[in-house]
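Chemist:
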Amino acid sequence: MMDLRLPIGIFFLLVGIILAGYGVVSTHDIPNITEKININLDWGAVLLVFGAAMTFFGWKAEAKARSEKKNSKA
Amino acid sequence: MTHVLSSARLATAIPHLAGTLAGGPVLKAHPIDYLIMGVYFVFVIAIGVITGRGHQTSEDFFLSGRRIPAWITGLAFISANLGALEVMGMSQQGYEYGMMTANYYWIGAIPAMVFMGIAMMPFFYGSKVRSVPEFLKKRYNEGARFINAITFTIFTPAISGISMYALAVVMQDFLGWHFGPSVWVSAAVVLVYTFLGGLTASIYNEVLQFFLIVLGIAPLSIIALIANHGWSHFKKWIATHQLPFLTPDQLTAAASQPAKAAHQLAAGQWLHTFHNTLTQSNPMHITWPGIVLGLGFVLSFSYWCTNFLVVQRALAAKDMNDAQRTPLLAAFPKMIFPFIVILPGVLALPLLPHLFPGNTMVDGHLIPATQSFNNVMPLMLAKYYPAGLLGLGLTALMASFMSGMAGNVTAFNTVVTYDLYAVFIRPQAPDRHYLWVGRILTVVGVVISVAFAYVVRGQSGIMGYTQTIFGVVNAPLIAVFLLGMFASFTTPAGGLWGLLVGTGTSVTLWIFRSHPGLPLWHHYNNNTTGAFWGAIWAFCAGAGATIIVSLFTKKKTDKEMVGLVYQLTPKPEQDHQLPWWKKPVVLGVLALILTLLINLWFW
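Listed in order, the protein sequences are those of chains H and D.
Take 115 as the starting number for the first sequence in our numbering and just add one per residue.
Take 251 as the starting number for the second sequence in our numbering and just add one per residue.
#1: Counting only runs of 4+ residues fully inside the region 512-569 of chain D, write out the alpha helix (DSSP H) ranges in chain order.
#2: Given a cut-off of 8 Å on the beta-carbon distance, is the pair residue 415 of chain D and residue 623 of chain D in contact?
#3: Taking its Cβ as the centre, do 16 or more other Cβ atoms sit within 10 Å of residue 388 of chain D, making it buried, or is it exposed?
#4: Considering residue 698 of chain D, what are the terminal residues of the alpha helix (DSSP H) in which it resides?
#5: Would you kindly check if the distance between the Cβ of residue 584 of chain D and the Cβ of residue 360 of chain D is under 8 Å?
#6: If you reduce the DSSP assignment to three classes, tell me which class residue 225 of chain D lands in.
#7: Label residue 854 of chain D either buried or exposed according to how many other C-beta atoms from any shown protein chain fall within 10 Å of its C-beta, with 16 as the threshold for buried.
#8: Which of the residues in the region 562-596 of chain D, read from start to end, lie with their CB under 9 Å from any CB of chain H?
#9: Using a Cβ-Cβ cut-off of 8 Å, state whether residue 137 of chain H counts as contacting chain D.
#10: Buried or exposed for residue 692 of chain D, please, with buried defined as at least 16 other CB atoms from any protein chain shown within 10 angstroms of its CB.
#11: Taking C-alpha atoms, which residue in D:562, D:541, D:516 lies nearest to residue 527 of chain D?
#12: Against residue 317 of chain D, what residues of chain H qualify as contacts under a CB-to-CB distance less than 8 Å, listed in chain order?
#13: May I ask you to report which of helix, strand or coil DSSP gives residue 822 of chain D?
#14: I'd like to know whether the C-beta of residue 347 of chain D is nearer than 8 Å to at least one C-beta of chain H.
#15: Taking a Cβ distance cut-off of 9 Å, strictly less, list which residues of the region 161-178 of chain H are near chain D, in chain order.
#16: What's the gap between the Cα of residue 749 of chain D and the Cα of residue 452 of chain D?
#17: Taking the straight line between their C-alpha atoms, what separation do you get for residue 397 of chain D and residue 384 of chain D?
#18: Indicate whether residue 643 of chain D and residue 343 of chain D have their beta-carbon atoms separated by less than 8 Å.
#19: What residue range is occupied by the uninterrupted alpha helix (DSSP H) comprising residue 294 of chain D?
#20: Determine, for residue 182 of chain H, whether the minimum Cβ-Cβ distance to residues of chain D falls below 8 Å.
#21: Which residue from D:300, D:827, D:421 puts its Cα closest to that of residue 335 of chain D?
#22: Taking 8 Å as the cut-off, decide whether the C-beta atoms of residue 637 of chain D and residue 277 of chain D are in contact.
#23: What residues from chain A crowd round residue 637 of chain D, counting only those whose CB sits closer than 7 Å?
#24: Assign residue 319 of chain D to one of three DSSP states: helix, strand, or coil.
#25: Listed from N- to C-terminal order along the chain, which residues in the region 423-456 of chain D have their beta-carbon within a distance smaller than 7 Å of any beta-carbon of chain H?
#26: Counting only Cβ pairs nearer than 8 Å, list the residues of chain H close to residue 633 of chain D.
#27: Between D:516, D:656, D:799, D:745, which lies nearest to residue 487 of chain D when the distance is taken from Cα to Cα?
#28: For chain H, find out if any of its Cβ atoms is closer than 8 Å to the Cβ of residue 465 of chain D; answer yes or no.
#29: Could you please tell me which residues of the region 273-293 of chain D, in chain order, have their CB closer than 7 Å to any CB of chain H?
#30: With a threshold of 8 Å, are at least 3 pairs of Cβ atoms found where one atom belongs to the region 467-486 of chain D and the other to the region 306-316 of chain D?
#31: Can you tell me the Cβ-Cβ gap for residue 446 of chain D and residue 302 of chain D, rounded? I've got them flagged as a contact below 8 Å.
#32: Just how far apart, CA to CA, sit residue 745 of chain D and residue 123 of chain H?
#33: Against chain D, with Cβ distances strictly below 8 Å, would residue 186 of chain H count as a contact?
#34: With a cut-off of 8 Å, does the C-beta of residue 131 of chain H fall near any C-beta of chain D?
#35: Short of 8 Å Cβ to Cβ, which residues in the region 469-496 of chain D face chain H?
#36: Between residue 938 of chain D and residue 790 of chain D, what straight-line distance do the alpha-carbon atoms span, to the nearest angstrom?
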């Protein structure tokens with residue numbers, strides 16, 4: 115069965131790229147507060163890091179499972 | 251069920267939101283927001299397609315072939331319970347009652363989840379039952395299975411329809427979306443992935459939805475803290491302000507009728523879980539025995555330890571250790587959830603000060619309500635989420651609805667197939683036949699949910715009643731399960747009568763509570779207190795009936811009860827080689843210690 119971390123990681127990587135990218139081009143601050151915080155860029159970066167970590171561990175587990183399968187066949 | 255109970259008032263309130271938003275929708279979704287929603291829809295359907303490949307047996311479809319690791323079943327265990335009403339309802343109650351609402355988690359969920367993992371899961375998983383009603387059949391008799399299965403079958407799609415209706419109304423009011431397309435599109439997406447991938451697709455998507463809910467709603471707490479200029483500044487505000495202290499009648503009617511609070515309470519009360527629970531001078535008007543015994547024991551244990559919606563996730567685990575760790579691993583994120591879903595409501599008190607019903611007194615001034623606290627979550631999103639992040643927040647709300655609905659539908663199709671169809675309509679059919687029946691029932695479950703969403707739209711009063719009755723019917727279940735698992739003298743007739751008397755008592759007390767004119771030895775002054783105490787009495791009645799009838803009827807042989815009753819089940823050998831994070835007792839104790847510390851922090 116597919117390692118679930120892989121699709122979750124790719125999903126958050128994609129959403130992180132969309133959100134951070136939008137933060138770069140639009141520079142929307144948080145409405146209705148005085149502090150200037152580009153929340154789309156910041157939170158997009160958080161999602162990117164989370165997505166990258168999940169993708170990495172998912173990909174590693176998939177590779178391990180594939181090599182174990184190959185070895186058991188051999 | 252604790253959440254079903256807690257959200258019942260919000261559900262009743264939803265129809266009254268319509269028309270309250272003068273000037274049209276307050277949220278305006280940007281194309282970037284729709285792009286994020288689109289990506290989400292593509293992923294959940296893709297997960298359905300991928301996980302649906304290679305389903306050979308009915309157990310693959312209904313129980314994921316019992317091969318899912320604990321971290322996944324654990325997150326799905328929480329997520330299946332996280333419907334849209336829970337996410338929006340918890341922030342609403344955070345505003346209305348403050349951190350007392352966290353009792354639904356720290357008292358009303360975690361101890362039960364720990365008990366489930368350590369004490370009850372060995373019997374559910376070890377007996378290889380495919381559903382909770384099937385356990386009742388094995389331990390007691392066919393009658394007990396039938397009662398449990400039929401109530402579950404009736405209420406599960408109805409609850410899912412209510413959640414669908416509530417989300418569609420919020421989307422309609424806040425975004426200007428049409429009711430019909432909102433309902434049909436979200437239902438179609440859930441149908442596609444549950445039809446193709448069964449429980450595996452549901453569980454896999456529940457984990458994705460769990461992360462999405464956390465990462466989509468968590469920024470709201472962070473932004474609300476920034477808007478309040480930090481926690482210490484917020485605490486100063488809390489320490490110097492007064493908030494409306496609604497009377498119990500006003501609390502009951504608050505959702506629908508304007509009320510004027512005659513009294514005020516120090517706002518500091520909103521930061522505590524147990525302050526002034528010796529008396530009822532707290533925002534919930536409730537005393538500690540109701541919280542600890544009613545919510546923390548009867549209601550919570552009945553829901554988390556016997557409701558097939560959550561138990562099914564643990565049954566999908568790959569072995570006994572993972573099944574036991576399912577609720578235990580779930581307990582850790584569960585204890586943090588109040589900071590994500592309740593805290594934004596509490597932090598909204600200074601930011602959106604006009605959400606108490608009617609014209610209320612705030613700091614001695616009469617303030618006209620401009621909105622209802624039922625809307626606090628979407629109002630906070632509207633106020634503080636810019637385009638982009640708003641798409642993430644709205645997708646999180648949709649994910650919460652979908653995870654709840656998929657959970658209901660997959661539990662519904664399993665119970666109807668195994669406990670009704672395969673027993674009363676077509677026993678002994680080939681396994682492939684049940685696989686297809688399950689798929690057809692998935693469609694039926696979704697169609698009933700959609701139909702119920704429309705019924706509720708036409709007759710909104712049904713919503714609150716359905717949720718409350720479901721809560722009331724399930725309240726005393728734990729009595730019969732505990733006696734079944736830990737007392738070998740209880741008999742099939744005892745279990746059946748325990749269920750009938752417990753549920754009967756619970757329903758009767760609810761009818762009396764709902765009609766103040768009827769004679770009852772004690773009338774509780776608000777619904778929450780009444781529900782907590784009603785559950786306690788129903789538990790006593792159910793347990794009493796089980797014990798008394800068991801004394802006079804024939805019990806099953808010891809051989810028949812092996813694997814089902816503690817005293818008659820061989821104890822599995824302890825694997826001392828396991829690392830600490832795989833030992834259920836260690837995880838359970840750790841979860842309880844952390845919960846105790848959090849409780850003390852917010853005492």
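Where a beta carbon is used, it is the ideal one built from N, C-alpha and C, also for glycine.
Modeler: A quick look at the data gives this:
#1: 550-556, 558-565
#2: no
#3: buried
#4: 681-708
#5: yes
#6: A question about residue 225 of chain D goes unanswered here, because the residues of chain D that appear run from 251 up to 853.
#7: No statement about residue 854 of chain D is possible, as the shown extent of chain D runs from 251 to 853 and does not include it.
#8: none
#9: yes
#10: buried
#11: D:541
#12: 115
#13: coil
#14: no
#15: 161, 164, 168
#16: 30 Å
#17: 11 Å
#18: no
#19: 281-302
#20: no
#21: D:421
#22: no
#23: Annotation note: the requested chain A is absent from the structure, which comprises protein chains H and D.
#24: coil
#25: 454
#26: 145, 146
#27: D:516
#28: yes
#29: 282, 285, 286, 289, 293
#30: no
#31: 4 Å
#32: 47 Å
#33: no
#34: no
#35: 469, 473, 476, 477
#36: Any property of residue 938 of chain D remains undetermined from this structure, which presents chain D solely from 251 to 853.
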